[in-house]
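K.L.:
Quick one: the structure is below, and I'll ask about it shortly.
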Amino acid sequence: MMDTKQIEYFEFLNEVLAISENMDSIQKNINQIILENYDLKLFKYKLEKKIAKLNKALLN
C-alpha cells in the first residue's frame with residue numbers, strides 16, 4: 001500500500017505534467033500568432049510593392 005508521501009509526490013508530478021501540457025499549448029498558440037503576423041507583414045509588403053509598381057506605370 002502507498003503511503004501519504006508517495007501519494008503527495010504523485011499528485012505533485014501530476015500537477016507538473018498538467019502545467020507542462022498547458023505551457024506547451026500556450027507556446028504553440030504564440031508560435032501560430034507570430035507566424036500569422038509574419039505572413040501578414042510579408043503579404044502587406046508584397047502588396048505595397050505591387051501598388052508602387054502599378055502607380056509608377058500609371059504615371060509614366
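Each residue of the sequence shown is one higher than the one before, counting from 1 in the working numbering. Ideal Cβ placement from N, Cα and C applies to all residues, glycine included.
1) With DSSP collapsed to three states, give me the class of N37.
2) Going by DSSP in three states, M2 sits in which element: helix, strand or coil?
3) Quick one: grab the DSSP three-state call for N60.
4) Output the distance between the C-alpha atoms of Q27 and Q6, rounded to the nearest integer angstrom.
P.N.:
Taking the geometry as given:
1) The residue you call residue 37 lines up with position 37 of the sequence shown. The answer is helix: DSSP assigns N37 an H, G or I state.
2) Here residue 2 refers to the residue found at position 2 of the sequence shown. Looking at M2 - three-state DSSP - the assignment turns out to be coil, as it is neither helix nor strand.
3) Counting from 1 along the sequence shown, the entry for residue 60 is found at position 60. Residue state, collapsed to three classes: coil.
4) As a position in the sequence shown, residue 27 is number 27, starting the count at 1. As a position in the sequence shown, residue 6 is number 6, starting the count at 1. Those two C-alpha atoms are separated by around 31 Å.
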